[in-house]
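> Sharing a structure here in structure tokens format.
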Amino acid sequence: MLQPIPFKRTPASFDCNKSTNTTITRLRHRRRNTEMLPFNTIHEAATFLGRNLTVAETLWFNYSAKKSDYYLYCHNILFLFLIFSVVPLPLVVVEMMRSLGFDKYKIQPKVSLSLSEMFKCYKDVMRMFVLVVGPLQLVSYPSIKMIGIRTGLPLPSVWEILVQLAVYFMIEDYTNYWIHRFLHGKWGYEKIHRVHHEYTAPIGFAAPYAHWLEVLILGIPSFLGPAIVPGHMITFWLWIALRQIEAIETHSGYDFPWTPTRFIPFYGGADYHDYHHYVGGQSQSNFASVFTYCDFIYGTDKLKEATRIDGAQNGGSYFVPTQDLKSE
1 MLQPIPFKRT
11 PASFDCNKST
21 NTTITRLRHR
31 RRNTEMLPFN
41 TIHEAATFLG
51 RNLTVAETLW
61 FNYSAKKSDY
71 YLYCHNILFL
81 FLIFSVVPLP
91 LVVVEMMRSL
101 GFDKYKIQPK
111 VSLSLSEMFK
121 CYKDVMRMFV
131 LVVGPLQLVS
141 YPSIKMIGIR
151 TGLPLPSVWE
161 ILVQLAVYFM
171 IEDYTNYWIH
181 RFLHGKWGYE
191 KIHRVHHEYT
201 APIGFAAPYA
211 HWLEVLILGI
221 PSFLGPAIVP
231 GHMITFWLWI
241 ALRQIEAIET
251 HSGYDFPWTP
261 TRFIPFYGGA
271 DYHDYHHYVG
281 GQSQSNFASV
291 FTYCDFIYGT
301 DKLKEATRID
311 GAQNGGSYFV
321 PTQDLKSE
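Sequential numbering from 1 applies to the sequence shown in the UniProt record's numbering.
Set out below in structure tokens:
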């Protein structure tokens with residue numbers, strides 16, 4: 001925290017200091033009673049912080065100063081729509097051009113989806129987005145205020161953002177693991193989770209393809225991290241975006257050797273989750289959403305035992321060990 005430099009207090013300096021304190025108090029009071037940044041100018045913001053704004057903070061101020069917190073939070077609706085619509089498109093192109101050399105990266109190469117089949121999946125996802133995801137975003141704003149997601153200055157440092165994102169991923173992964181295991185119980189699978197497993201060879205568009213109740217249930221782990229370690233709205237945006245992009249990659253159906261996520265310790269990836277979809281409702285393994293440590297700790301990590309009959313990257317089916325299947 002910046003320490004003030006001692007100086008001889010004169011009536012003039014006292015009045016100046018009093019004026020500054022009054023300004024800061026007024027700004028803080030305004031912040032408590034509005035949903036917008038409490039600063040009318042960048043100069044006011046700099047006075048409040050006791051330093052000049054960074055370039056990022058200046059950009060954020062210029063964009064968000066006159067926007068309500070609710071409006072900023074609702075940006076998630078636009079982000080999710082763009083992610084669900086745009087990020088899977090390269091995978092559609094790859095699926096259509098498998099004959100040009102991409103087939104060797106297809107995890108289940110004997111399975112092929114037409115353009116119309118993939119578009120149908122997208123339409124189903126968009127229907128769920130309009131009827132469930134979008135309205136859920138609109139009404140969940142009070143929970144964001146309650147857990148303390150902030151929109152003001154200063155902005156978090158890059159290091160703070162990275163640490164919080166790592167915590168969010170770990171918390172979501174652990175809680176998602178147990179919810180996923182529950183959904184593979186008899187009732188959970190038959191009533192809810194079977195919808196997601198309609199794609200035994202998943203595609204990018206199928207990442208959010210699920211029963212509406214599953215969408216609601218699995219939204220809980222996504223909010224737990226920010227609730228436990230609340231951060232800035234920008235961090236929250238990044239978290240939601242990265243989690244959805246990761247889910248699309250995990251459901252891509254392709255195991256590309258150049259994927260950067262290969263370098264993340266304990267990362268599951270497409271090959272790991274694809275096996276879970278291949279086994280389907282009978283699966284007792286590979287429940288992790290992002291990392292593999294929960295499957296390893298609790299004995300449900302079976303990918304290494306599940307070898308493809310025709311060899312890695314060129315077969316169309318797996319050899320499924322009997323311990324990976326639950327008895328009826």
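Using N, Cα and C, we set each Cβ at its ideal position, and we do this for glycine too. Quick caveat, the model's predicted, so the values are computed rather than measured.
Taking C-alpha atoms, which residue in 137, 198, 101 lies nearest to residue 278?
198
> Quick one: give me the first and last residue of the alpha helix (DSSP H) that residue 64 is part of.
55-64
> Quick one: what does DSSP say residue 283 is sitting in, helix, strand or coil?
strand
> Buried or exposed, going by whether 16 or more other CB atoms sit within 10 Å of the CB of residue 87?
buried
> Put residue 232 into one of helix, strand or coil per three-state DSSP.
Three-state result, residue 232: strand.
> Would you list the one or two residues that DSSP bridges to residue 150?
Answer is 232.
> Return the chain-ordered ranges of every alpha helix (DSSP H) run that is complete within the region 105-129 and spans a minimum of 4 residues.
115-128
> Runs of 4 residues minimum, wholly inside the region 67-103: which ones carry the alpha helix (DSSP H) assignment?
69-73, 75-86, 89-96
> Would the beta-carbon of residue 79 fall within 8 angstroms of that of residue 237?
yes
> Would you check if there are 3 or more beta carbon pairs closer than 8 angstroms linking the region 161-170 to the region 92-112?
no
> Rounded to whole angstroms, what is the Cα-Cα separation between residue 289 and residue 42?
42 angstroms
> So, at 7 angstroms on beta carbons, what are the nonlocal neighbours of residue 116 in its own chain, with the 5 sequence-adjacent residues on each side left out?
none
> Give the secondary structure of residue 266 by DSSP, where H, G and I count as helix, E and B as strand, and everything else as coil.
coil
> Using a Cβ-Cβ cut-off of 7 angstroms (strictly less than) and excluding sequence neighbours within five positions of residue 200, which residues of its own chain qualify?
277, 278, 280
> Measure the alpha-carbon distance for residue 212 versus residue 128 and round it to whole angstroms.
Looking at the two C-alpha atoms, the distance is approximately 7 angstroms.
> List the DSSP bridge partners of residue 182.
DSSP output for residue 182 lists no bridge partner at all.
> Can you give the Cα-Cα distance for residue 253 and residue 49, rounded to whole angstroms?
49 angstroms
> Give the DSSP bridge partners of residue 291, in chain order.
267
> Taking residue 172 and residue 134 to be in contact with their CB atoms under 8 angstroms, please state how far apart those CB atoms are, rounded to whole angstroms.
That belief does not hold up - the Cβ atoms of residue 172 and residue 134 are roughly 21 angstroms apart, past 8 angstroms.
> DSSP beta-bridge partners for residue 254?
106
> Just to confirm before moving on: does the CB-CB distance between residue 83 and residue 241 stay below 8 angstroms?
With respect to the 8 angstroms criterion, residue 83 and residue 241 are classified as neighbours on the basis of their beta carbons.
> If I follow the unbroken alpha helix (DSSP H) through residue 43, where does it start and stop?
42-49
> Taking buried to mean at least 16 other C-beta atoms within 10 Å of its own C-beta, is residue 184 buried or exposed?
buried
> Among 72, 90, 62, 292, whose alpha-carbon lies nearest the alpha-carbon of residue 245?
90
> When you compare only the Cα positions, how much space is there between residue 249 and residue 207?
Their backbone Cα atoms lie some 8 angstroms apart in a straight line.
> Take residue 57 and list the residues in its own chain whose beta-carbon comes closer than 6 angstroms to its own, dropping the five residues that flank it on each side.
153, 155
> For residue 52, which of helix, strand or coil comes out of DSSP?
coil
> Among residues of its own chain, excluding the 5 on either side of residue 274, which ones have a beta-carbon nearer than 6 angstroms to its beta-carbon?
107
> Residue 257: buried (16+ other C-beta within 10 angstroms of its C-beta) or exposed?
exposed
> Sorted by chain position, which residues of the same chain lie with C-beta nearer than 7 angstroms to residue 32's C-beta, five sequence neighbours on each side aside?
At residue 32, the pLDDT of 41 sits below 50, so the modelled position is not reliable and the matter cannot be decided from this model.
> Return the residue from the list 205, 70, 264 that minimises the CA-CA distance to residue 113.
205
> Roughly how far, in whole angstroms, is the beta-carbon of residue 221 from the beta-carbon of residue 148, given that I think they are within contact range, below 8 angstroms?
Rounded, the Cβ-Cβ distance is 18 angstroms, inconsistent with contact.
> Apart from the five residues on each side of it in sequence, which residues of its chain come closer than 6 angstroms, Cβ to Cβ, to residue 215?
Here the set comprises 132.
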